Each structure stands twice: as structure tokens, then as C-alpha cells.
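J.: Heads up: the protein sequence lines correspond to chains A and B, in order. Each residue of the first sequence is one higher than the last, beginning at 22 in the working numbering. Each residue of the second sequence is one higher than the last, beginning at 9 in the working numbering.
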Amino acid sequence: MFQTATGTFKVRMLYGEQEIPSCPKFTLHKWVDGNFTQLFERYVETHVGFRRFFIRLRNSVRYTFLNKSNEQVVMGKNNVLYEKNYIRALYGEDSAYNAIQTQVARLKTVSDTLNAKGIKLLVILAPGKATMYPDEIPFEFSRGKKINPVNYLTWKKELSKNGMPFIDMRSWFKQMHDTSSIPVFTRLGVHWTVYGSYLAADSMLAFMEHMGNWNLGRVTWTESERTTKYRQTDADLMEIMNLLNDLPSDELVYPKVTYTQGKDKPNVLAIGDSYYWSLMCDSIHDKMFADSSHFWFYNDKVFGKNSLFQRMVTPSTIKEEVEKRNMIILLCTEPNLYNFPFKFGDQLYDLYVTGKKQ
Amino acid sequence: MVFSSSLFLVYFFPIFLVIYYLLPYKLKNSFIVLASMLFYAWSGAKYLPFLLLSLLFDFYIAKAIDAREGKARKQVLAFSIIVNVGLLLYFKYANFFIENVNAALGSEAISWTKVALPIGISFFTFHKLSYTIDIYRKVKTPFTNIINYTLYILLFPQLIAGPIIRFNEISDQIENREKALTIDNRLEGFFRFIIGLSKKVLIANIIGQEADKVFDMNLGDMAMQDAWKGALAYTFQIYFDFSGYSDMAIGIGLMMGFRFPENFNNPYLATNITDFWRRWHMTLSRWMRDYLYIPLGGNKVSTVRLYLNLWIVFLISGLWHGAQWNFIFWGAYHGLFLVLDRLFLKRITEKLPHVVQVAFTFFLVIIGWIFFRADSIMQGFDMVKIMFSASAVLPEYEFGQAFWVMLFIGFLMSFYGIFIKELEQKQAQWYNPFTTPAKSIVFTLVALLLFVLCLAEITSAGFNPFIYFRF
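(1) In angstroms with no decimal places, state the Cα-to-Cα distance between Lys100/B and Asp371/A.
(2) Just to make sure I have the definition right: I need the residues of chain A whose C-beta is within less than 7 Å of the C-beta of Ala53/B. Which are they?
(3) If you compare alpha carbons, which of Lys237/B, Ser62/B and Thr282/B is closest to Thr133/B?
(4) Rounded to a whole number of angstroms, what is the C-alpha to C-alpha distance between Asn103/B and Asn88/A?
(5) Compare the beta carbon distance of His323/A and Met309/A with 8 Å and say whether it is the shorter of the two.
(6) Does Arg96/B have its Cβ less than 8 Å from a Cβ in chain A?
(7) Let me know the secondary structure DSSP gives Lys141/A once reduced to three states.
(8) Check Met348/A in the structure and name its three-state DSSP category.
(9) Give the C-beta separation of Gly210/A and Leu258/A to the nearest angstrom, bearing in mind that I take them to be a contact with Cβ-Cβ under 8 Å.
(10) Going along chain A in order, which residues have a C-beta closer than 8 Å to the C-beta of Ser14/B?
(11) In terms of residue numbering, what span does the alpha helix (DSSP H) encompassing Phe24/B cover?
(12) For Tyr33/B, decide whether its Cβ has a neighbour in chain A, counting only Cβ atoms nearer than 8 Å.
(13) Starting from Ile292/A, trace the beta strand (DSSP E) in both directions and tell me its first and last residue.
(14) Would you mind sorting Trp328/B into buried or exposed? The rule is 16 or more other CB atoms within 10 Å of its CB.
(15) Starting from Tyr5/B, follow the beta strand (DSSP E) in both directions and report where the run begins and ends.
(16) Using DSSP bridges, identify the partner residues of Glu246/A.
(17) Mind checking whether Gln166/B and Phe268/B have CB atoms under 8 Å apart?
(18) Are the C-beta of Leu290/A and some C-beta of chain B separated by less than 8 Å?
(19) Leaving aside the five residues before and after Tyr341/B along the sequence, list all residues of the same chain whose C-beta is less than 6 Å from its C-beta, in chain order.
(20) DSSP beta-bridge partners for Thr281/A?
(21) I want to see whether chain A comes within less than 8 Å of Thr282/B, judged by CB atoms only; does it?
(22) Please tell me whether Ile261/A and Glu179/A are closer than 8 Å, where the distance is taken between their beta carbons.
(23) Could you pull the DSSP bridge partners for Arg200/B from this structure?
(24) Counting only C-beta atoms, is Leu456/B closer than 8 Å to chain A at any point?
(25) Using 8 Å as the limit for Cβ to Cβ distance, is Leu87/A near chain B?
(26) In whole angstroms, what is the alpha-carbon distance linking Arg478/B and Gly37/A?
(27) For chain A, find out if any of its Cβ atoms is closer than 8 Å to the Cβ of Ala331/B; answer yes or no.
(28) DSSP three-state call for Gln368/A: helix, strand or coil?
(29) From Val101/A, Thr214/A, Asn106/A and Thr279/A, pick the residue whose C-alpha is nearest to that of Leu358/A; which is it?
(30) Using beta carbons (cut-off 8 Å, strictly below), is Trp236/B in contact with chain A?
(31) Residues in the same chain with beta-carbon distance under 6 Å from Glu246/A, minus the five sequence neighbours each way, listed in chain order, please.
(32) Assuming Leu264/A contacts Arg77/A under a Cβ cut-off of 8 Å, what Cβ separation, rounded to an integer in Å, is found between them?
(33) Please state the DSSP three-state secondary structure of Arg33/A.
(34) Give the single residue among Phe379/B, Ala169/B, Phe175/B and Thr291/B whose Cα lies nearest to the Cα of Asn334/B.
(35) Taking 8 Å as the threshold (beta carbon to beta carbon), is Thr354/A in contact with chain B?
(36) Is Gln368/A buried or exposed, if buried means 16 or more other CB atoms sit within 10 Å of its CB?
The following block contains the structure:
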């Protein structure tokens, strides 16, 4: 009660903490129907003094004695952490075979239309965590199942069949993960490592350069720092476990990068999931592309220079937005492929082919 | 409001205790009544008027019973029983009855608006019946002070989930417990409360998650290992949950100066089902014995009638737990083994080694719990079938560290006394925190540690971090 009232002792913040509910207003009616008491109990629970410490304590006790994590994180063997949807994608449990075929066919039409307007469209299939660590998936998720990433395979097959330009980073990263001494994925994170994201960026820029016949800037490094202290999202799953002490991290490599400017800075619209964020966080998007370039997170939120949120995507202006670009990048990791490219393809298909208004 | 909530642990109970201890003795009962009303109204405000009206009714009807003799006395009691049992039947079983009638006659043969169940009705009805029957039997005289009577029914530690305290067990404490308001009782109560809270929060809730995984499974996907895992997990969950709640109630009572009857006595050490019911939910068993089994004739009837009475008591006991066929089946199942014990089973099992008797009874109890936990009798039978058939289905869940740790704790705490003679007396001595100063210090430190761990569990329950918060 004392800590709740005064907040005297500083308690470490939690990762992934969402908005804490405010005190509900009392009305007799709400009390009688149970609504007030429910909200008030939730309010009390979230305002208990030392709650943040309690949450870390509870999570640490559960992790140490029961080998359990919180709901969001799946504990694999050898301290490899996952999210459930990555595992489902690996076993093809989120199969959207027919929908993907339709999506790619539509994208092909859209791509041809854009191409005629001088706008390039590039699809990037990003890897997923479960693909990198299939052997550590816990039994209750693997349960003798065969690896069958249906959505990834379908996207790859359909993109090839339709002759659309794409980068298969999944295969490349899988190969690097299995052979390279420098981690491109970590046990404790769900995204590609900072190092991996530089490789991805370099590969993407080279591909774009070739596609657009541009001279783009590049990300280069001659020296790197080796450390077990993770940075950025390299242990994001461990962070949301909110333990008292961090789990031991693998040795990670953080390149000291320099950005060389090219002659061209295309105006890019990138639409993707959280895997594109590392390119935003490392300023690759800002430094290599025109200032007016955008990242549309899940085709929903618009982020501009310095990763600043600008507004929500407005479907009515999509055509205008697209046609002022030099290139459209669609990037997605495995568990989101069932829903990729987040209705963007349908919207453009409707605009250019069926004539339906957004 | 439940004991294992932040609101109760951090605000309601500490504030209650501070005021309770500061108040002069003569105001303490009134304050308990006020706090109990708030406790009840917190979750069941809409039922409070009903509860208070029914309390008034029984207060005056008890006076009417006390004022009469002979046939009239019996008639007033019968009226009181009919009203109380009638209300219980209406609120708790009307939906069940109509659903079954509709299922038998065809859908919606009787149109019906579902009745909401007032919280704690099974427990406060039994308390009210105990009050009027004890007065009828002249075991006790009725309270003259309505506050004391209301306190007996509403006393918040036992209001929602027992223990079921017969009126004659507590009436003297309600009227006079000044001498029981000692530091020793408060401390003992605190330790007992923490033990109960830990059983509920640190054991039952965690092992319950393992049980839920299995009972929520599609039966077609369930392997033998899964079924056993679920059955064992639930067997320990229900014990630590219920006995934990009883410990908390007993502990709170002690802190207030009441000594409630024990509700559990190492039930999984029972050597037969008859013995199990002497150790499990003891206050319910005693209530059933005093207010149902004995009025039905007790042991002073023919053998056939005796067996029938036993079975009736257990069918009603099953139904009391919930208005579902699987509870009735569970009651009938235990009733059957009680009758079999009297017929021959006990004579046979008594010849077996003690450990085998305990293991056999534990096995029977596990099977019973499957039906208690299952959504339907059929699900129960299917699960039992899976437990004894080697299927080709791969187990859905790994017997991971969490399961093994909790199973170990469950077994240890349930069976550690199996080879100890005069266990009850020894347990009373072991658990007495005041035998040596060192023990008092250790108990205090352990209790504080457990309290912090419980608070950590409780306050963390609703925390779901969002991994993409930074994006």
C-alpha cells in the first residue's frame, strides 16, 4: 500500500508493458451488474506497489524451477525461444495455399501495370525464427510433425512461375545460419540479428540497383565488435520474458558500419512487417532512399524519415501514393505470409483492374 | 471477492484487520457483519437483498421454532426447511431440471429464462439449515441478537466456500471469544493463511494449467499419457485448491479469534473410500451425517435401507457440488464404493499392505475426479478408456519440467506421512510455530517469502507483454 501510494522505491520498467487501466468511475448500476468491481479489481492489480518487481520475480521463479515462460514466448530446447506463429508457419499449420496463388496472380498484374509506369515492384521473403532452429522446437509443438512451410513454398513457386522479381532471404539466411560462425539469428530473439539485417540490406540494395539500373549507396564495414551484450532486437523474446536477470546470450557481432552515398536515391514505398523495422532503426531506409520514402507497417501505419509515425494509411490516396514512387518493396517474414501483402495487392488490383474504389 | 486477489490481500484484509483490532470488543461483531456484507456485495451486490431477506426469515423462524413444542415445533422447522431447500433448488437446480425436461420432451418444451445463481448459496443455505435444525434439536438456543446471527451466516472467511460450520460448533465463539484474540492466534492464523494461499496460488493454479491443457483437448488427439497426466494433475489441483481455500478461511478465522473446524486430514492417505470421506471435506461429511444421514435413520435401519440411505446421501452430496450429471455420477460412484466397503471390499483391502490400500484408494479417487472435472459423463468414460488403452496416438504434451516438479510437490505433500504413526498429533506439533523461538523465526521468514511469491503470482496473472511494443 505504501509503495502504491508513494512510489518511493524505483522499480525497473517492464518490456512490452501496455497501457495500464485507469480507475473506473463508480456508479451503482455498474456495481450491481459487476462491471465496476471487475474493472476496479483490474485497476488494483495493475497498481499494486512493486508490481513490476513481482512480475519479474514470478517469471524468474517459473523459468528457473518450472522451465516455463509467459504466454507469448515458447521455451524451446537449449534456451531457444520462439513465438507460436513462427512454429505454426514452419509446419504449414497456417496454410493459405489458394489465397496465395490468387495474391501472386494479382500482384503480377499490378506489377506489370506499375512497370509500364516505370515503377518497380520487389518482393522479399524474409526468414522466420523457427526455420533457423527447427530442432529445438519443444515436443508439444513439433509432435512428430514434418517441416512443411506451405506458405513460403507457395509464394516462392508462384513468384517464380509468374516471373516476378523477388529475393528469397529465407533460403539464404537458413544456409548462413547453419554454416556461418556469425549469428544471423539468436536463440533469444525472434528477428534477424543486427548483423543479419545489414546483410539483408546489402543484398536488397544490390538487387534494387540491378532492377532499377541505379547507382545506390551501400552499407559497408571493415571492423566489428564481438560481444555477448545484445542490442536492439537481438534478444527481444527474452526481454518480454521480463526476468530478474538476463539469460546468457550467444556471442554476437555488431559491425561498425559506414554508409556510402550513391548517385541515386529512389523514392521507395516499403510495405512490410517488423522485419523491415531493423532497416528503419539502422537508418538504412533513411540514408539510401529519398526523404519522401515511406514505410507502411502492415499497410496500416505510415512511417517516414527518422522512423517517425506520420498517420494511418488512407486507402483513398493509395494510387497517388504509389505512383509517385520509383519502387515498391513488399517484405514479409514466414508467419505473416498467409496474409501478405496485407491487402495492398488487392487494393491496387481493384484500382488498376476491376476499377473498384477504395 | 476471492482471498487470492490483489484487492483482498493488499487492501480489504489489511484494512479490515487494522480496524478490527482497534475497535472495542463489543463492536467487533458488528464490524465483521459490515465487512462481510461488503465482501459479499463486492461480487454479488444484486443478490444481497435476497440474502438479507432470507436471513431475516430464518432469524425469526428460529425464534418461532424455539417458542414452540411438539408437533408445532416440527411443523415450523419443516416450513423453514422447505423454504430454504426450495430456494436452493430453485436457484441452483431449476435450469438443470428444465434443460433435462426439454431434452427429454424435445427442444423448448418449457420456455424458461435462466436463473442466475447467487454466490455461496450452497454454503449459506447449509449454515441456515444448521441453525434452525440445531435450535429445533435444542442443541443451542437461538441468538437474541440479530447481529450475532447474521455474523454466523455471513462471516466472510467461510461465506463463499466453507468450511461448513455447524451452528453448535461456533455459537459460543460468536458470543464470547475475547480470550481467543491473542497474538499467538493471530500469528498462527497468519501462518495458516499463508500456507493456504501458497497451496492455492503456487501449487493448485500452476498444476491446474497442466490439467486444463489435457481436459480441453479433443479426445481423438488424446494419448494414454495425456489422459494420465490430466487425471493426476487435476487430482492434485482440486486437493490443493480446496484445502488451500479452507486453510485460508481457518487462518483468517484464527486472526479474528475464531477456531473453525478442520476440513481436510491428509485425504490421499485414506485406506478406503469410507476413510477418504472422513478426511476429505470433513465439514460437509459431518453436516451430511448430522442433518441428512441420521434423520434418514442412520445406522438404526435395515441393511438394505442403510445402503440405500448411504447412496442417497452421496447422490445428494454429488448434486450439491453442482447441477450437472457428472457431479451426480461422481456422488453415486463414491456412494457405490462406500456400500461396497460395507458389503465386502473393506474386509478384503484391510488384509493388504498399508501402502497398497492407500494406492488402491488413491486410484479410485483419481477415477472419480475425472468424472468430477469432465464436461460430461461421456467425456469422463472416454478419458478413463484412453487411460487404459495403448493407442497409436502420439501424446499431445511432453511431460515437461513444470509437470514433474508440480507432481513431485503434490506427491510429497500428499503422501509424506504414509509411514508415520500418529501423524495427526505429530503434524499438530510440527505445524505449531511456537514450540521454539527458532521455529517461530523460521516460520515467519518462510511465511513472508511465500507471501511475496504468492503476491508475485497474483499480481502478474493479467500481464501480457506486447513484443512489438517498440515497433
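C-beta atoms are modelled at their ideal positions from N, C-alpha and C, and glycine is treated no differently. Values in this document were obtained by computation on a predicted structure and should not be read as measured data.
T.: Taking the geometry as given:
(1) Between Lys100/B and Asp371/A, the alpha-carbon positions lie close to 57 Å from each other.
(2) Under the 7 Å cutoff, chain A gives Trp52 and Val53.
(3) The option with the nearest alpha carbon to Thr133/B is Ser62/B.
(4) In a straight line, the C-alpha of Asn103/B is about 43 Å away from that of Asn88/A.
(5) The amino acid at residue 323/A is misidentified as His; the sequence shows Val. The Cβ atoms of Val323/A and Met309/A lie no closer than 8 Å to each other.
(6) The question names Arg, yet the displayed sequence has Leu at residue 96/B. It does not; no Cβ of chain A falls within 8 Å.
(7) Correct three-state label for Lys141/A: strand.
(8) If DSSP states are grouped into helix, strand and coil, Met348/A belongs with the strands.
(9) The C-beta distance from Gly210/A to Leu258/A rounds to 6 Å, short enough to meet the 8 Å contact threshold.
(10) Those within 8 Å of Ser14/B in chain A are Glu62, Val65, Glu66 and Val69.
(11) Run containing Phe24/B: Phe21 to Leu30, per the alpha helix (DSSP H) assignment.
(12) No - not a single Cβ of chain A is within 8 Å of the one on Tyr33/B.
(13) Residues Val289 to Gly293.
(14) Classification of Trp328/B: buried, given that the 10 Å Cβ count is 16 or more.
(15) Because chain B in this structure spans residues 9 to 479, residue 5/B falls outside the shown range and cannot be described.
(16) Tyr275/A.
(17) Yes, they are a contact pair.
(18) For Leu290/A, the answer is no, since every Cβ of chain B falls outside 8 Å of its Cβ.
(19) Annotation for Tyr341/B: Gly376 place their beta carbon closer than 6 Å to its own, counting only its chain and skipping 5 residues before and after.
(20) Partner(s): Arg239/A.
(21) Nearest CB-CB separation between Thr282/B and chain A: not below the 8 Å threshold.
(22) No, the Cβ-Cβ distance between Ile261/A and Glu179/A is not below 8 Å.
(23) In the DSSP output, where bridge partners are listed per residue, Arg200/B has none listed.
(24) With a threshold of 8 Å between beta carbons, Leu456/B makes no contact with chain A.
(25) With 8 Å as the cut-off, Leu87/A counts as an interface residue toward chain B.
(26) Interpretation of Arg478/B is limited by its pLDDT of 49, a score under 50 that renders its predicted location unreliable; no figure is taken from the coordinates.
(27) For Ala331/B, the nearest beta carbon of chain A is not closer than 8 Å to its own beta carbon.
(28) DSSP, reduced to helix, strand and coil, places Gln368/A within a helical segment of the structure shown.
(29) Each of Val101/A, Thr214/A, Asn106/A and Thr279/A was checked against the Cα of Leu358/A, and the nearest Cα belongs to Asn106/A.
(30) Taking Cβ atoms only, chain A never reaches closer than 8 Å to Trp236/B, which makes this a no.
(31) Sequence-distant Cβ neighbours of Glu246/A in its own chain, meaning closer than 6 Å and more than five residues away, are Tyr275.
(32) That belief holds up - the Cβ atoms of Leu264/A and Arg77/A are roughly 6 Å apart, short of 8 Å.
(33) Looking at Arg33/A - three-state DSSP - the assignment turns out to be coil, as it is neither helix nor strand.
(34) Minimum Cα distance to Asn334/B is reached at Phe379/B.
(35) Residue-level contact check: Thr354/A does not touch chain B, since none of the beta carbons of chain B fall below 8 Å from its beta carbon.
(36) Burial call: buried.
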